[in-house]
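Read through the structure below, which is laid out as structure tokens, and then see the notes.
In our numbering, the protein residues as written are 87 to 205.
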């Protein structure tokens with residue numbers, strides 16, 4: 087993943103994250119509760135692996151693509167994350183979401199990416 091693609095994807099995510107992608111979403115903290123579903127969608131689009139690390143609120147999921155860590159939902163935390171880079175799986179990331187939330191986020195991101203809607 088190139089830096090430009092990561093920046094573009096982050097803008098898209100902030101535009102499409104909602105209560106439809108996580109019941110924990112709120113306007114003040116759009117990334118809240120979005121880690122599992124986002125890690126799944128990022129893997130769909132860019133491949134790579136899903137990793138996890140423990141946080142006060144439980145497991146936090148993110149991606150590693152071509153050896154580089156990508157955590158698109160790190161802004162939900164007020165403290166820096168101490169990444170342990172524990173290998174995870176789609177099944178574990180799905181434990182943090184459901185098919186409805188996943189389908190909504192995946193379809194919304196793909197549509198925005200295709201249409202170039204990332205401002």
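Ideal Cβ positions, reconstructed from N, Cα and C, are used throughout, including at glycine.
Boundaries of the beta strand (DSSP E) around residue 135: 135-141. For residue 177, the enclosing alpha helix (DSSP H) starts and ends at 176-180. Annotation for residue 128: 149 place their beta carbon closer than 6 angstroms to its own, counting only its chain and skipping 5 residues before and after. In the three-state DSSP reduction, residue 169 falls in the coil class, being neither helix nor strand. The closest CA to that of residue 162, considering only 181, 101, 91 and 112, is found on 112.
Under the three-state reduction of DSSP, residue 122 is assigned to helix. Minimum Cα-Cα distance from residue 141 among the listed residues 154, 151 and 164 corresponds to 164.
Secondary structure of residue 145 (DSSP, three-state): strand.
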